[in-house]
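Only one structure is covered here, and it is reproduced in the block below.
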Amino acid sequence: MESIWTLGSRGVAEHPSLSGEADADVAIVGAGITGLTAALPLAEAGFKVMVLEAGTVGSGVTGGSTGNLYATLASGQAPLRHKWGDEVAAEVVRARGEAVDHVEALVKRFSIDCQFQRQPAYRLVADERQHAGHDLNEELDALVSAGLEVEMTNAPGLPFDSWGLRIANQAQFNPLHYVQGLASALLGEGVVILQHSPVREIEAGKGRLRTDEGSVTAKHIVQATHTPKGISLVQAGMPVSREYAVSARLSSGEYPEGILWVLDPFHSLRSYRHGDDQYLMVIGEKHPTGEHRGDHYQLLREYLAARFDVEAFTHHWSAQQYTSPDGLPYIGRMHGHDNLYMATGFAADGLVWGTLAGMLIADQILERANPWQARFGARRITPGKSALQYAKENATVTKHMVKDYLGTEKLDSFDAIAPGQGRVATVEGEKLAIHRTEAGKLKVLSAVCPHMKCIVHWNASESTWDCPCHGSRFDTDGEVIEGPAYHPLARSGEKL
Ligand code: FES
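The UniProt record's numbering puts the first residue of the sequence shown at 1, with every later residue one more than the last.
Structure (structure tokens):
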């Protein structure tokens, strides 16, 4: 399961993974867009910067994103304005617009070949029923009031009737090629990038982090990991969801341009060219992590096939989203530790928030004033804007704790698990995550998430174990793919 962005992928020069003890001024956990954006100004200021990545550069959510860059939010400007008012809604657009400009400037400065181009973004309805459910006039008003250039428009090159809003001067690129190019530039600035080095522990008090084979002591530790590792207060109010993407080649050769958000209720479409080949992708089928409802990829294929003359499907991939309780990301110094930083709560808009987060965290470490620090700071408390979401999310976690601990089926024989299947079951009083490979081999793990002890669920679309509480995900060997868990699922002896 590889994203379309891996086409023509450029490797980044390998440093050996961490072994033994090392020190740095700044240790950054995660080589995605947030971590690498932060690394550049720090290295330029003369700091010794070390980046530790669990996989390879951009292999986390950055490489699974849409490659769309926009100043508004995918969830809409009007809901943001409704929640926060005119001033904050306009600040969000300004801050995000600056982040898009920052990406463009780095692409030019380092000649990063990532197909960055300015494109419009569209919010579209395709029939009267959808129109009735979306107040496009209200959205238009909110976008204009935030300073964006917007107009009403008809179908922009789609093979079905649609109309809506066109927001000028947004952008698209290949996010994986961008961070790979940025990483190569950083190596030239003296930044050390260690791939295949998952961090297993952060001791903020000692300024130390540990991998399986070594440790780093640093004055500052940046968790550029999409959600902070370990147990953190912010996880309590943060719904986690997954969204899927499918790409295809079209027989007609007619590919629509721009960022196309179709409010049906929500699919995102965009085209991409690689060499002589062109592709159309659709992103959608969002659901809470750990709550799978059928074959999400197949539903997206059907969506494309019903609307376009699909010649062949080419790629499919997915990504995770963390949505903050008050709708704005948490960026910067964490509660309790002045040397520990995080960036989370990006919802579906992470490439731009991640860029802003990298700029903001670097400024905080360099003790430079940044106008957005107070607005997006990780220590802010906004009970009036977030209390409801905290209550909802805690109810979700409690529901899973109770239901999954009491309601797990008992299994008398592993024979019930067919090749390719995974299932959580109680065996001799223990909750187990049991998977049989296509080749027939059984893999038996503890189903108890090492983060805060919820029970993981089988994700049949991706053959992973996903935790519904705070989004930790594990492969079928139990290794952490993403999320706040530091450690793999425990191995369990086969009991039947
Ligand atoms: Fe928190 Fe699993 S991710 S309990």
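All residues carry an ideal CB built from backbone N, CA and C; glycine is no exception. Computed from a predicted model, the values in this text were never measured in an experiment.
Rounded to the nearest whole angstrom, the C-alpha separation of GLU14 and ALA224 is 20 angstroms. In this structure, ligand 1 has no non-hydrogen atom nearer than 7 angstroms to the beta-carbon of ALA236. Distance from the C-beta of CYS114 to the nearest heavy atom of ligand 1 is not below 7 angstroms. For SER472, the shortest separation between its Cβ and any heavy atom of ligand 1 lies below 7 angstroms. Beta-carbon to beta-carbon, ALA248 and TYR279 are separated by about 7 angstroms, close enough to satisfy the 8 angstroms threshold.
The DSSP-derived three-state label of TRP465 is strand. Only exposed fits HIS82, as fewer than 16 other CB atoms lie within 10 angstroms of its CB. Boundaries of the alpha helix (DSSP H) harbouring VAL144: 136–145, taken from the DSSP string.
LEU42 counts as buried, since no fewer than 16 other beta carbons sit within 10 angstroms of its beta carbon.
Of LYS392, GLU53, ALA357, PHE160, the smallest CA-CA separation from VAL199 is found for GLU53. At the C-beta level, PRO239 and THR323 come within 8 angstroms of one another. The DSSP assignment places complete beta strand (DSSP E) segments of no fewer than 3 residues inside the region 210–277 at 214–223, 240–250, 259–262, 267–274, in order along the chain.
Excluding its 5 nearest sequence neighbours in each direction, SER3 has C-beta neighbours in its own chain below 8 angstroms: GLY63, GLY64, LEU176, ALA245, HIS315, TRP317, listed in chain order.
The beta carbon of ARG96 lies closer than 6 angstroms to those of ALA71, VAL352 in the same chain, with the five residues before and after it left out.
Contact check for PRO228 against MET359 fails: the beta carbons are separated by 8 angstroms or more.
Taking 4 residues as the shortest admissible run, the region 292–374 contains the following complete alpha helix (DSSP H) segments, listed from N- to C-terminal end: 296–307, 350–365. Scanning PRO325, ALA236, ARG210, GLY8 for the CA closest to the CA of ILE28 turns up ARG210. Collapsing the DSSP output to three states places GLN77 in a helix. Excluding five sequence positions before and after SER145, the CB atoms of its chain that fall closer than 8 angstroms to its own CB belong to ARG81, ASP86, ALA89, ALA90, given in chain order.
Secondary structure note for LYS48: it is in no beta strand (DSSP E), with a DSSP letter that is neither H nor E. Annotation: the continuous alpha helix (DSSP H) that includes HIS102 extends over 86–109. Proximity of the beta carbon of GLY483 to ligand 1 is indicated: a heavy atom of the ligand is located closer than 7 angstroms. Distances between the C-beta of LYS453 and the heavy atoms of ligand 1 include at least one below 7 angstroms. With respect to the 8 angstroms criterion, SER241 and HIS287 are classified as neighbours on the basis of their beta carbons. Taking 8 angstroms as the cut-off, the beta carbon of VAL125 is found closer than this to the beta carbon of SER162. In the structure shown, the three-state DSSP call for ALA168 is strand.
Scanning ARG307, PRO488, VAL93 for the CA closest to the CA of LEU269 turns up ARG307. With respect to the C-alpha of PRO79, the residue from GLN119, PHE116, LEU140 having the closest C-alpha is LEU140. By the neighbour-count definition (other C-beta atoms within 10 Å, threshold 16), HIS267 is a buried residue. Residue state for PHE116 is assigned as coil, using DSSP reduced to three classes. Ranking VAL103, ARG375, GLN364, VAL192 by CA distance to the CA of TYR330 puts ARG375 first.
Taking all protein chains in view, the Cβ of ILE381 is surrounded by fewer than 16 other Cβ atoms within 10 Å, so the residue is classified as exposed. Of the residues assessed, GLY181 falls on the buried side of the cut-off, its CB having 16 or more other CB atoms within 10 angstroms. Collapsing the DSSP output to three states places LEU176 in a helix. PRO265 places its beta carbon 8 angstroms or farther from that of PRO156.
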